[in-house]
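Protein chains: 2
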Amino acid sequence: MKTKNIIACKESAQGTNHLYAVDPNSRAKLEGNFVIATDEEIDQAAESALQAWQTFKNTSGAEKGKLLRTIADNLENLGDTLVHRAMAESGLPEGRIKGERGRTCGQLRLFASLVEEGSWVRATIDTAQPDRNPIPRVDIRKMYQSIGPVAVFGASNFPLAFSTAGGDTASAFASGCPVIVKGHPSHLGTHALVSQAIADAVISCGLPNGIFSSINGGANEGSMLVKHTAIKAVGFTGSLAGGNAIMKATYERDEPIPVYAEMGSINPIFLLPSKLDGDQNSVADQLANSINMGVGQFCTNPGILVIPPSKNQDSFLEVLGQSFDALKSHTMLNEGIYNNYESSKSKMIANQNVRSISCKSTDNTWSAQPALAKTTAQEFVKNPDLHHEVFGPFSMAVVCDSVEEMKAVAQHIEGQLTATMMGTSEEIERHTEIIETLREKAGRVIFNGVPTGVEVGHAMHHGGPYPSASSSKYTSVGTDAILRFVRPICLQNAPQSILPDALKDHNPLKIWRMVDGAQTKEVI
Amino acid sequence: MKTKNIIACKESAQGTNHLYAVDPNSRAKLEGNFVIATDEEIDQAAESALQAWQTFKNTSGAEKGKLLRTIADNLENLGDTLVHRAMAESGLPEGRIKGERGRTCGQLRLFASLVEEGSWVRATIDTAQPDRNPIPRVDIRKMYQSIGPVAVFGASNFPLAFSTAGGDTASAFASGCPVIVKGHPSHLGTHALVSQAIADAVISCGLPNGIFSSINGGANEGSMLVKHTAIKAVGFTGSLAGGNAIMKATYERDEPIPVYAEMGSINPIFLLPSKLDGDQNSVADQLANSINMGVGQFCTNPGILVIPPSKNQDSFLEVLGQSFDALKSHTMLNEGIYNNYESSKSKMIANQNVRSISCKSTDNTWSAQPALAKTTAQEFVKNPDLHHEVFGPFSMAVVCDSVEEMKAVAQHIEGQLTATMMGTSEEIERHTEIIETLREKAGRVIFNGVPTGVEVGHAMHHGGPYPSASSSKYTSVGTDAILRFVRPICLQNAPQSILPDALKDHNPLKIWRMVDGAQTKEVI
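Line order of the protein sequences matches chains A and B. To get the working numbering, take the position in the first sequence, counting from 1, and add 70. To get the working numbering, take the position in the second sequence, counting from 1, and add 70.
1. Where does residue 428 of chain B sit, in a helix, a strand or coil, going by DSSP?
2. Do you know how far the Cα of residue 73 of chain A is from the Cα of residue 436 of chain A?
3. For the putative contact between residue 244 of chain B and residue 552 of chain B, defined by C-beta atoms under 8 Å, what is the C-beta separation to the nearest angstrom?
4. Quick one: give me the first and last residue of the alpha helix (DSSP H) that residue 530 of chain A is part of.
5. Shorter than 8 Å from the beta carbon of residue 563 of chain A to some beta carbon of chain B?
6. Any beta carbon of chain B sitting closer than 8 Å to that of residue 164 of chain A?
7. Leaving out five residues before and five after residue 158 of chain A in sequence, what residues of the same chain have Cβ atoms less than 7 Å from its Cβ?
8. CA-CA distance, residue 465 of chain B and residue 430 of chain B?
9. Is it buried or exposed for residue 71 of chain A, if we count other Cβ within 10 angstroms and need 16 for buried?
10. For the candidate residues B/197, B/305, B/188, whose alpha-carbon lies nearest to that of residue 211 of chain B?
11. So, do the segment 493 to 508 of chain A and the segment 410 to 417 of chain A have three or more beta carbon pairs nearer to each other than 8 Å?
12. Against chain A, which members of the segment 515 to 526 of chain B pass a CB distance test of less than 7 Å?
13. Residue 442 of chain B and residue 364 of chain B look like a contact to me (Cβ under 8 Å); what is the Cβ gap, rounded to whole Å?
14. With a threshold of 16 other CB atoms inside 10 Å of the CB of residue 151 of chain B, please say whether the residue is buried or exposed.
15. Of all the alpha helix (DSSP H) runs that stay within the bounds of the segment 346 to 376 of chain A, which reach a length of 4 or more residues?
16. In whole angstroms, what is the alpha-carbon distance linking residue 283 of chain A and residue 305 of chain A?
17. In the DSSP assignment, what are the bridge partners of residue 252 of chain A?
18. Nearest chain B C-beta to residue 513 of chain A closer than 8 Å, yes or no?
19. Can you give me, in chain order, the residues of the segment 526 to 540 of chain A that have a beta carbon less than 9 Å from any beta carbon in chain B?
20. Just the chain A side, please: which residues come within less than 8 Å of residue 412 of chain B by C-beta, in chain order?
21. Would you say residue 345 of chain B reaches chain A, if we count a Cβ-Cβ gap shorter than 8 Å as a contact?
22. Which first and last residues belong to the alpha helix (DSSP H) in which residue 415 of chain B is found?
23. May I have the straight-line CA-CA distance separating residue 485 of chain B from residue 449 of chain B, to the nearest angstrom?
24. Classify residue 268 of chain A as helix, strand or coil using the three-state DSSP reduction.
25. Just to confirm, is the Cβ distance from residue 447 of chain A to residue 397 of chain A under 8 Å?
26. DSSP three-state label for residue 524 of chain A, please.
27. Pull up the distance between the alpha-carbon of residue 187 of chain A and that of residue 177 of chain A, whole angstroms please.
28. Start and end of the alpha helix (DSSP H) containing residue 102 of chain B?
29. Should the segment 287 to 295 of chain A be called in touch with the segment 261 to 270 of chain A, which here means at least 3 C-beta pairs below 8 Å?
30. Considering only residues of the segment 435 to 490 of chain B, which uninterrupted beta strand (DSSP E) runs meet the minimum length of 3 residues and lie entirely inside it, listed in chain order?
31. Anyone know if the C-beta pair for residue 107 of chain A and residue 308 of chain A falls short of 8 Å?
32. Going by C-alpha to C-alpha distance, which of A/368, A/497, A/471, A/534 sits closest to residue 460 of chain A?
33. Closer than 7 Å, Cβ to any Cβ of chain A: which residues of the segment 314 to 327 of chain B, in chain order?
34. On the three-state DSSP scale, how would you describe residue 127 of chain A?
35. Are the CB atoms of residue 296 of chain A and residue 311 of chain A nearer to each other than 8 Å?
36. What are the boundary residues of the alpha helix (DSSP H) that includes residue 237 of chain A?
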């Protein structure tokens, strides 16, 4: 088991402090004392990244594609070594880990395709008009270029897909940015294995070693990293407190940098009456399973179920409670998350305006019993404490007496990653006012589906208004995630010979470009 | 002369404190005691904007286009009333103000065309694949939507084009965002006239009055505005100190919001030897005139001239000094800017490593004498004080003994709006290492032109790394300025009937869209 930091693709262990990982199922220490990075190592990683960027920013789409594909291949070649360690550190079952590995490799290869094709740079060309009156127009061309070294924080809830070689790293590499990853302290071994796979890929592709470093540490090391002058952007997936702390740390910098933090969300689901009046068991099972998926540790976990006015409210909640009762409990990611789930859930249920519908007693393991509670729309609207995320398989039914109350609930929720509406098309059309509000509050509005399960594609947006994310303008999932790590560069009246290929008259990359306001793949 | 604030398109003057404008040429008070907005008025403006947004966010491109065109028409209809007041408040000559009015109206009409055409929303559609294995793909669609009320700060240096109805307001309205403008305290009458023209346009177009408010005030009123919970973004053009103060004020908000501040820049020009070895007079005149354009008060004013190694260095600097000597002095925008120019210039020239080349003594007016100084590359690299912007018609020649020194100068400059290189194509090709550095430091790299004069088009980028702007990712000039005031909204599995037109299968707006990864105007 490798336990060192990786600085510029080389193992490094200057420090004397250590971290170790715990199996949440057995609560036993796992193999490996992982060396915490020193200030000097972090500085070295950041400076190496800045230097390597001088080369990497001009690395071709083909070469970046090769890097991303090689990382994916290396991850797959780790086989059961990676699967078993990730299972041990996360408590997640084999099927989930293998599925997540598939998604992670799929993401890496999607970004490879994106940069191999090349149109993502959004080349925009306004050609010269020497005869324009009163003054001639000069030739102006613009495209995206990478912004520099990126700090990535591994997430607790996706040891592969949102961690060391997850979407942040894949999109940053795709853009041409070097990456420094701080692994999540709960899956240090997974982080070490994946880090080595990335470093091997960088070396075998002949790219500058400085484009990748990987460190172990906690809040201090993270803070030092994001304050380093060489770092130009941050990718983070985690809690609101964690995201806020990183944002605040960057406020102390002389140069502000973008922090892309994907944080808490209660992902409300608005049910319309047909869902209560039809096959209640099927709806209840769909909801309960979504809430218990990944032990409720998905960012898109539905924490609020808005129950519409209906004569079948009581019977539906009873059926829903039965679906919750039938759920199996599973082990959470670590002790802190488990304890937080228990205390947040207990606090919520202890509220005098909240009633428990399904809530089994806990045992002495870190296994999370799914729980369902209910409150009224009036109480929900009055009391922001009831809007807090309970990270885990918990959901609150918010019972409404009227459509007006449903509207009020929509208006009072905070910024969300997702919001969902379920009903017939005709019902949905009758509730456009609520949809308008949900479009204002959420990054993604879903109809007749559950929010868990985030498609990785061009049209996905995984982000939303604060506090669900630090910036509503960017997505951490899907090809547009690359836009976080680039900025436009504009070249005016440049000789053809020094233009990047994407902006040359003869369009050697054969990409889509906007030329004089029209989309085209033609040469100029 | 109207002197009140305009809250939700209606005149309002609850306060008892006033501001007045001064003619910088005569240094006499101009007509009008302008009422400073109260906290209640600012709150009312922000709340009205939030409410009006509920309608305005769904206003069609055709209607928004009509609004923008009506504002432009109203500005033109103000005729000499506007021209004379803007001249009196800014000290700028008639030709400049008329040119700026043309640019302002051109900008408004360009954004009208943009939203009338409609493709700017970047509609992206990933169609459903019900038969995909292992799990079906759902239908996912994404487009840009407006983010909410925007606070705009009028700039000192462009009383029309970067002020009340300038690029920030035009792009915010185009996106569907309500606007609250705080006028610049130096041109209160211009602000009042333009504000009324906007309010009249909003009313005559039948749009909700809350989409526009206009206030008078200083730093306190500005701070109150940007901290208001209803405000979702800020547009600012001005000094580094002003931009930093706004950014810091927003850090105190619970909800972070984007601040788009376009700030200081010294816009270095790198001359290559052919420019010293050929017709020196023509090059010197081109540079001197660019530096004195708008009394050196352009954001893209060249504050640094990098002089390459050449036997003709001394003769070129002598000719350049003569060009400076021949420049006419003009009145600056206000007393504060004039005093700041004089003290910054004196401080720079007093530096023991700086020599004055052309520096006339000042009189008792607010007229800025153009000045040229020189230093060596070695001193420039050592001393960051020499990199400070002197806002006005001042430039520093940085004399280099070698190409290595030129590279070092490029590496040591801070973030810039622009950087320029002048030489033959063959020379430019031999200096790609410097160009690489300039692409890293600046938002726009110009070849064989001067940075003053910013084309308003699709490919323009007016922004750059900090401290030239708060975010290098966005432009304040050109059609992409609209991207500052929007965010993606993603709709999953939505019935056709509730989709915005831009995302409907039959593409009723006939816009460019990305469907399953390819650009097309076709129906689905």
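No residue lacks a Cβ here, since even glycine has one placed at the ideal position from N, Cα and C. If you're wondering where the values come from, they're calculated on a predicted model, not measured in any experiment.
To lay it out plainly:
1. The answer is strand: DSSP assigns residue 428 of chain B an E or B state.
2. 26 Å
3. 5 Å
4. Neither: residue 530 of chain A is in no alpha helix (DSSP H) and is coded neither H nor E.
5. yes
6. no
7. 93, 100
8. 14 Å
9. exposed
10. B/197
11. no
12. 515, 516, 517, 518, 519, 525
13. In fact, because the Cβ distance is near 17 Å, the residues do not count as touching under 8 Å.
14. A residue is called buried once 16 or more other Cβ atoms fall within 10 Å of its Cβ, and residue 151 of chain B, having fewer, is exposed.
15. 350 to 362
16. 15 Å
17. For residue 252 of chain A, which the question treats as bridged, DSSP gives the partners A/223, A/285.
18. By this cut-off, residue 513 of chain A is an interface position.
19. 527, 528, 529, 530, 531, 532, 533, 534, 535, 536, 537, 540
20. By Cβ distance, chain A contributes nothing, its closest Cβ being about 28 Å from residue 412 of chain B, past 8 Å.
21. no
22. 405 to 420
23. 19 Å
24. Helix at residue 268 of chain A.
25. It is not a contact, given that the beta carbons lie outside the stated cut-off.
26. coil
27. 15 Å
28. Residue 102 of chain B -> no alpha helix (DSSP H), and no H or E assigned at all.
29. no
30. 441 to 446, 464 to 469
31. In this structure, residue 308 of chain A does not lie closer than 8 Å to residue 107 of chain A by Cβ.
32. A/368
33. 317, 321, 325, 326
34. coil
35. no
36. 237 to 245
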